[in-house]
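Residue numbers (the UniProt record's numbering), protein chains in the order written: chain L, 1 to 222; chain G, 1 to 425. From the three backbone atoms N, C-alpha and C, an ideal C-beta is built for every residue, glycine too.
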Amino acid sequence: MKKFLIIGGCVAVTVLAVSCSDRNPGRAYMPDMTYSRAYETYAPVQDRLNASGAESEPSFHGGPVPGTVARGELTGYKLLKDTAGAYATSAALVNPVTDVDQKEAERLYLINCGICHGAKLDGQGPLWKDGNGPYPVAPKNLMGDDMKGTSIGTIYHVATYGKGQMGSYASQLTTKQRWMVAAYIKAKQGGGSAAATAKSDSTGAKAPQTAAADTTAKAATK
Amino acid sequence: MIPCKPTATKLKLFILSFVVVFAFKSVSAQDGKALFQAKCQSCHNIFKDLTGPALGGLEERHKWADHNELKAWINNPGGYMAKDAYTQGLKAKYGSVMTSFPDVTLPEVTAIVDYINKTYAAGPGGPKGPGDDTVSSNAPDKSQNAVIFGVISLILAIIALVLMQVNSNLKKMSDDAEGIDRPEPVAFYRNKVYIAMFAIVFFIIGGYFTTKGMIGLQRQTNYHPEQPIFFSHKVHAGINQINCLYCHGNAWESKSAAIPSTNVCMNCHKAIQSYEKGPELFDGETKIDGTAEIAKLYKYAGFDPKNAAAWDPSKAKPIEWNKVHNLPDHVFFSHAQHVKAGNVQCQTCHGEVTSMNTIQQFSELSMGWCVNCHRQTKVQFNYDSTSGNKFYSIYEKFHNDIKSGKMDSVTVKDIGGLECQKCHY
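Spelled out as structure tokens, the structure:
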């Protein structure tokens with residue numbers, strides 16, 4: 001009888017040890033091989049910080065290390081949002097990306113822009129749907145005449161810094177990707193080649209010194 | 001003829017006034033909504049302050065009851081503002097001046113105001129969406145089934161035991177009647193046959209559960225921890241059709257599928273400040289107030305809906321979500337290689353996320369699960385691309401073998417998918 005008790009007890013303990021609720025991540029065979037000593041992306045860091053006596057909140061820095069440029073990144077876009085008349089001067093920017101892969105640009109547009117501006121660029125994305133979606137204001141109809149007259153540089157500027165209710169997409173799309181999306185929109189609007197549109201736009205307004213230098217630098221890196 | 005002339009003039013006047021009134025009426029009746037949609041609603045909502053102030057009840061503010069004043073403001077906001085303190089205050093509050101609409105006419109202004117007043121009087125409820133279908137994130141069916149089966153088996157076992165006792169008693173009575181003398185039967189708990197049977201059954205069942213439990217150590221299927229904000233993938237990715245890569249864009253080009261930073265949430269939630277049109281949300285039994293959950297986001301973002309223009313995205317704090325899908329440290333996994341190169345759909349591993357209110361682990365994420373998929377998945381080669389990946393020359397051999405008919409397809413295994421170092425290194 002005693003033997004049975006011992007065996008039964010062992011089994012019960014094992015079952016208790018391995019059973020876990022769905023709210024709990026459970027246990028690991030070999031914790032030292034499972035949990036990284038180094039900081040892993042999105043892994044919980046709080047306990048380690050507390051143990052090491054470091055600051056109690058994980059440090060967070062939104063931007064890259066000052067003075068560094070990401071690999072493959074086009075050089076900096078110096079026309080800042082708070083530059084006087086930045087929105088107007090952005091019209092003179094020239095697209096430095098000469099070989100836009102329209103298929104990839106379409107993919108980027110559908111993921112990042114189509115949700116509001118619609119797959120057909122008509123401002124009827126799933127978030128708006130003529131006011132039936134959850135979004136309280138109408139996204140811009142990119143096929144409207146005013147948008148057809150807007151230059152590729154301005155579209156790029158708005159994608160970078162946002163406008164009205166639209167937020168900045170600089171954290172989701174790289175500089176090159178934003179130019180690609182702007183070129184895709186122009187190509188869809190005109191039905192013609194994006195490069196031609198960009199050229200005709202840039203002749204209209206006079207570029208300020210910084211923006212011109214900036215765009216030539218970008219063209220050179222390309 | 002002469003007496004007729006005044007009548008004709010009157011008639012002309014009447015017709016003219018009729019035409020004017022009719023034209024005016026038709027503007028107000030049909031075009032108020034269209035005009036509002038075309039010109040105003042990119043920045044204005046009737047009930048909420050967004051890029052510009054809420055337009056409901058605008059005639060009670062400033063001098064807007066006089067539509068000539070309103071028209072002057074709409075036609076040339078910059079010029080109007082120069083000599084008007086109220087609109088200067090608006091600029092200070094919202095951080096920008098309204099776009100000018102120089103060709104808006106007085107009847108059009110009246111039509112827009114009529115439309116706004118009508119909609120405002122109807123209240124923000126307006127046309128309701130399908131709000132009555134309720135969804136729970138729990139599925140208790142499976143566990144209930146298990147309980148029912150357990151009870152039934154127990155009852156059957158008791159019946160079997162009782163019948164066995166009855167059987168032995170009847171046998172004893174018949175033996176007594178026939179006068180056969182048999183030894184006293186042993187009680188069932190001392191009967192060696194019973195004990196042996198019990199031990200065997202116990203070891204089979206116990207062994208099964210113990211082994212299963214040991215294998216299941218660290219496997220987290222259905223794991224769904226509590227999150228700092230009740231974020232429903234069903235509402236975002238399902239009902240509102242937001243692409244997975246809108247928020248988790250890094251899955252395309254990096255090892256990790258990014259958890260979006262707070263500013264990505266705010267791309268939409270700067271404007272969507274309340275949860276109104278979706279279905280009711282439940283976390284188990286608890287009803288979730290969507291608007292309160294959005295308010296939690298604002299706390300992290302440092303966003304004040306009443307003073308939206310003052311929001312500084314760089315001051316936002318990250319939300320500390322709890323990681324659901326945990327791979328052990330000794331396994332390497334790259335999203336980019338699977339999503340971009342392998343062209344695997346997110347749902348293949350993560351399940352129907354578009355119907356999950358609470359995100360939970362769908363796949364086992366065990367080694368057997370990985371290896372099975374690598375055994376079966378056929379690699380999609382891009383024959384026509386001139387800029388393709390030339391890294392593995394073995395691919396060329398495979399191409400030629402397929403063309404010449406030596407092979408019919410290439411599995412992940414053939415290109416090193418079962419090499420230990422693919423995951424353990």
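Any beta carbon of chain L sitting closer than 8 Å to that of residue i?
i: G:I272; result: yes
i: G:C349; result: no
i: G:P130; result: Model confidence at G:P130 stands at a pLDDT of 38, short of 50, so the residue's coordinates are unreliable; what they give is reported in the following sentence. Not closer than 8 Å to any Cβ of chain L, the Cβ of G:P130 fails to qualify, so no.
i: G:E352; result: no
i: G:S42; result: yes
i: G:H424; result: no
i: G:L90; result: no
i: G:D329; result: yes
i: G:L281; result: no
i: residue 507 of chain G; result: Residue 507 of chain G is absent from the model: chain G starts at 1 and stops at 425.
i: G:L50; result: yes
Within 8 Å (strictly less), CB to CB, does residue i reach chain G?
i: L:S151; result: no
i: residue 240 of chain L; result: There is simply no residue 240 of chain L to check, as chain L begins at 1 and stops at 222 in what is shown.
i: L:L127; result: yes
i: L:R27; result: yes
i: L:Y42; result: yes
i: L:I185; result: no
i: residue 305 of chain L; result: This structure leaves residue 305 of chain L out entirely; chain L is present only between 1 and 222.
i: L:N112; result: yes
i: L:M33; result: yes
i: L:I115; result: yes
If you run the structure through DSSP and keep just helix, strand and coil, what is residue i?
i: L:D32; result: helix
i: G:T286; result: strand
i: G:T411; result: strand
i: L:M143; result: coil
i: L:R107; result: helix
i: L:M166; result: strand
i: residue 509 of chain G; result: The question about residue 509 of chain G has no answer here: the residues shown for chain G are numbered 1 through 425.
i: G:K378; result: strand
i: G:L154; result: helix
i: G:L281; result: strand
i: L:Y135; result: coil
i: G:T211; result: helix
i: G:H236; result: helix
i: G:M98; result: coil
i: G:Q361; result: coil
i: G:S168; result: helix
i: G:M173; result: helix
i: L:D122; result: coil
i: G:M356; result: coil
So, at 7 Å on beta carbons, what are the nonlocal neighbours of residue i in its own chain, with the 5 sequence-adjacent residues on each side left out?
i: L:T174; result: E73
i: L:A213; result: Because L:A213 carries a pLDDT of 38, less than 50, the predicted location of this residue cannot be relied on, and the following value inherits that uncertainty. Closer than 7 Å at the Cβ level, and outside the excluded window around L:A213, lies no residue.
i: L:H117; result: G123, G125, P139, K140, L142
i: G:H62; result: Y86
i: L:L108; result: L173, Q177, M180, V181
i: L:Q102; result: Y184, A187
Pull up the distance between the alpha-carbon of residue i and that of residue j, whole angstroms please.
i: G:A121; j: G:I229; result: 34 Å
i: L:L5; j: G:P183; result: 31 Å
i: residue 430 of chain G; j: L:D122; result: Shown here, chain G extends from 1 to 425; a query on residue 430 of chain G therefore has no answer.
i: G:G416; j: G:G342; result: 14 Å
i: G:F209; j: G:I215; result: 10 Å
i: G:V21; j: G:L35; result: With a pLDDT of only 44 at G:V21, under 50, the local geometry of the prediction cannot be trusted, and the value read off the model is given with reservation. Roughly 19 Å between the two C-alpha positions.
i: L:A84; j: L:P31; result: 57 Å
i: G:W369; j: G:Y300; result: 38 Å
i: L:A160; j: L:S90; result: Per the sequence shown, the amino acid found at residue 160 of chain L is Thr instead of Ala. Each residue's Cα considered, the two are about 11 Å apart.
i: G:V371; j: L:R37; result: 27 Å
i: L:V181; j: G:N357; result: 32 Å
i: G:F333; j: G:C423; result: 7 Å
i: G:I259; j: G:W321; result: 8 Å
i: G:F303; j: L:T68; result: 30 Å
i: L:G162; j: L:D22; result: 41 Å
Identify, in the order they occur along the chain, each residue of the same chain with its Cβ nearer than 6 Å to the Cβ of residue i, setting aside the five sequence neighbours on each side.
i: G:A251; result: A257, H335, V339
i: G:E59; result: A65
i: L:K148; result: Q189
i: G:T354; result: A237, G238
Excluding the five sequence neighbours on either side, which residues of its own chain have a C-beta within less than 8 Å of the C-beta of residue i, listed in chain order?
i: G:E364; result: R219, T221
So, is the C-beta of residue i closer than 8 Å to a C-beta in chain C?
i: G:H62; result: Among the chains of the structure shown, chain C does not appear; the protein chains present are L and G.
Legend entry - Near-chain L residues of the stretch 252–269 of chain G (beta-carbon distance less than 8 Å), N- to C-terminal order: K255, S256, I259, S261, N263, V264, M266, N267, C268
Along the stretch 230–249 of chain G, what residues have a CB closer than 7 Å to any CB found in chain L?
N240, Q241, I242, N243, L245, Y246, G249
Q: Residues of the stretch 195–227 of chain G with a CB closer than 7 Å to any CB of chain L: list them in chain order, please.
A: G206, F209, T210, G213, M214, G216, L217, Q218, Q220, N222, Y223, H224, P225, E226
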